[in-house]
Amino acid sequence: MNAWVGPAIVAAAISSVIGVLSLYLNAWLTLRLDRTRRLEKVRDVQIALLAEIRADIHNLKFFDLDENLAMVRESYETIPGYSARPSQPPPILMEEMIKAEVQILPSWVIDGVFLYLRQKKTIEVFVQDMRGDGFVARSKETQLLMYADYIDMKKTELKFARNARDTLEASLEVGAVGQ
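Under my numbering, the residues of the sequence shown are numbered 150 to 328, in order.
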């Protein structure tokens, strides 16, 4: 009986060591896989935001805002009863995703993206006011001043969109180098 007790204890000890090592290896692999998945998710969210912002930049560059303001001013001067009616801005397609996933973005990306998104939302509310009945009831001078403010807000939106784009692109480059 003593002949097999020694080898059995050695086998049990080796088995225990292998089991503990397997647990640590499994935990390490799981953490590494979770980190990889998180980095992929952060990258995917940033790519989606970047696509939305680039599309908005394209739309904002499509129109000459100063020329548009000049045309509206001329219309106020030449067309009796004219009242500017800016079109509704396109909605933010990624709004729900941004609300749900903002916490995964790098902190230095959040500021630029949110300045842009806040400006976009502010313009949306301002356009609703300008499309309402109260706008038409205001004096032409007030309407024109509000429209000029709208154009300035669009210019600021373009500036914020470019900043958010540049920040996201830089973050994606840093992420690519870090992988």
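Even glycine gets a Cβ: it sits at the ideal position worked out from N, Cα and C. All values derive from a computational prediction rather than experimental measurement.
Item to complete: State the start and end residues of the unbroken alpha helix (DSSP H) segment that holds I259.
Response: Within the sequence shown, residue 259 is the residue found at index 110, counting from 1. Element bounds for I259: 256 to 280.
With DSSP run on the structure shown, which of helix, strand or coil describes P156?
The residue given as residue 156 occupies position 7 in the sequence shown. DSSP places P156 in helix when its eight states are reduced to three.
**Request:** Determine the closest residue to Y231 out of E290, P239, L254, with distance taken between C-alpha atoms.
**Result:** Start at 1 with the first residue of the sequence shown, and residue 231 comes out as number 82. Ranking the options by Cα distance to Y231, first place goes to E290.
Spatially closest choice to L321 from A176, S165, R184, V191, by CA coordinates
Walking along the sequence shown from the start, residue 321 turns up at place 172. Distances from the CA of L321 to each of A176, S165, R184, V191 were compared; the closest alpha carbon is that of V191.
In the DSSP assignment, find the alpha helix (DSSP H) that holds D215 and state where it starts and stops. Against the sequence shown, residue 215 aligns to sequence position 66. 214 to 227 is the span of the alpha helix (DSSP H), which, as asked, contains D215.
Buried or exposed (CB count within 10 angstroms, at least 16 for buried), E306: As a first step, residue 306 must be located in the sequence shown, where it is residue number 157. E306 counts as buried, since at least 16 other C-beta atoms from the protein chains shown sit within 10 angstroms of its C-beta.
Worksheet item: If you draw a straight line from the alpha carbon of K249 to that of T316, how long is it in whole angstroms?
Response: Your numbering for residue 249 matches position 100 in the sequence shown. Your numbering for residue 316 matches position 167 in the sequence shown. Going by the sequence as given, residue 249 is Ala instead of Lys. Here the C-alpha atom of A249 lies approximately 20 Å from the C-alpha atom of T316.
Whose CA, out of Q252, P255, Q237, lies closest to the CA of M279? As a position in the sequence shown, residue 279 is number 130, starting the count at 1. Proximity to M279 across Q252, P255, Q237 peaks at Q237, based on C-alpha coordinates.
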